[in-house]
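Student: Below you will find the structure I want to go over with you.
In this note's numbering, the protein residues as written are 69 to 247.
Below you can see the structure in the form of structure tokens.
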């Protein structure tokens with residue numbers, strides 16, 4: 069049996085909602101015995117729609133079928149996992165879009181905090197490297213190597229040697245050689 073896709077379940081849900089609307093309209097316009105048969109037919113149709121939806125959303129027996137699709141509505145329904153927080157939000161009659169917005173804002177605040185820390189450490193690294201270069205010129209190559217290894221597009225790699233990398237003499241400093 070082919071895996072049931074999200075699109076199929078979406079259509080099943082739309083059908084159930086439509087059937088509920090038709091039952092509501094039939095109940096509102098109920099005229100007695102002459103409309104009773106129509107109401108019974110609509111209720112049977114709703115029961116069939118709910119049964120189909122239940123069948124489509126039931127966990128399949130360990131299927132090893134893997135499908136690769138690029139359309140999100142064609143994903144097999146058993147591969148979709150929702151965070152429990154969203155389920156709790158919906159159970160509490162809250163809008164899941166509000167949860168998504170709050171989550172995005174929380175992530176943005178966290179990213180700003182981490183960016184600030186990263187910039188502070190990069191600035192400290194650069195100041196420390198500059199001071200070490202001036203205090204211990206023999207370690208210039210090693211300092212620049214460390215700065216280069218820890219730079220992510222921010223940091224002063226060239227220092228005082230005009231951007232030549234490992235010192236003007238190309239020898240890498242000479243502080244810790246021979247080990």
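Note that the Cβ used here is the ideal one computed from N, Cα and C, for glycine as well.
Remember, it's a predicted structure, so these values are computed and weren't measured experimentally.
Is residue 71 helix, strand or coil by DSSP?
Tutor: Position 3 of the chain shown, counted from the start, is the residue given in the question as residue 71. Of the three classes helix, strand and coil, the one that applies to residue 71 here is coil, per DSSP.
Student: Do residue 110 and residue 94 have their C-beta atoms closer together than 8 angstroms?
Tutor: For the purposes of this step, residue 110 is taken as the residue at position 42 of the chain shown. For the purposes of this step, residue 94 is taken as the residue at position 26 of the chain shown. Yes, Cβ-Cβ distance for residue 110 and residue 94 is below 8 angstroms.
Student: Exposed or buried, what is residue 97 when buried is set at 16 or more other beta-carbons lying within 10 Å of its beta-carbon?
Tutor: Residue numbering aside, residue 97 sits at position 29 when the chain shown is read from its first letter. Residue 97 is exposed by the Cβ-count criterion.
Student: Here's the rule: buried if 16 or more other CB atoms are within 10 angstroms of the residue's CB, otherwise exposed. What is residue 201?
Tutor: Taking the first residue of the chain shown as position 1, residue 201 is located at position 133. With 16 or more other Cβ atoms within 10 Å, it is buried.
Student: Please report how far the alpha carbon of residue 126 lies from the alpha carbon of residue 220, in whole angstroms.
Tutor: The residue you call residue 126 lines up with position 58 of the chain shown. The residue you call residue 220 lines up with position 152 of the chain shown. Going from the Cα of residue 126 to the Cα of residue 220 covers about 48 angstroms.
Student: How is residue 151 classed by DSSP in three states: helix, strand or coil?
Tutor: Your numbering for residue 151 matches position 83 in the chain shown. Residue 151: coil per DSSP, three-state reduction.
Student: How many whole angstroms separate the CB atoms of residue 117 and residue 156, which I take to be in contact at a CB cut-off of 8 angstroms?
Tutor: As a first step, residue 117 is located in the chain shown; it is residue number 49 there, counting from the start. As a first step, residue 156 is located in the chain shown; it is residue number 88 there, counting from the start. 27 angstroms between Cβ atoms; not a contact.
Student: Measure the Cβ-Cβ separation of residue 121 and residue 158 and say whether it is below 8 angstroms.
Tutor: Indexing the chain shown from 1 puts residue 121 at position 53. Indexing the chain shown from 1 puts residue 158 at position 90. Going by C-beta atoms, residue 121 is not nearer than 8 angstroms to residue 158.
Student: From the DSSP output, read off the bridge partner residues of residue 144.
Tutor: Here residue 144 refers to the residue found at position 76 of the chain shown. Per DSSP, 73.
Student: Apart from the five residues on each side of it in sequence, which residues of its chain come closer than 6 angstroms, Cβ to Cβ, to residue 87?
Tutor: Position 19 of the chain shown, counted from the start, is the residue given in the question as residue 87. Only 113, 114, 117 meet the Cβ criterion.
Student: Are the Cβ atoms of residue 76 and residue 143 separated by less than 8 angstroms?
Tutor: On the chain shown, position 8 is the one that residue 76 refers to. On the chain shown, position 75 is the one that residue 143 refers to. Contact: no.
Student: So that I know if they touch, is there some Cβ in chain C lying closer than 8 angstroms to that of residue 85?
Tutor: Within the model displayed, chain C is absent; a lone protein chain is all it includes.
Student: Roughly how many angstroms lie between the CA atoms of residue 183 and residue 124, to the nearest whole one?
Tutor: Counting from one through the chain shown, the residue named residue 183 turns up at place 115. Counting from one through the chain shown, the residue named residue 124 turns up at place 56. Residue 183 and residue 124: Cα-Cα distance of roughly 45 angstroms.
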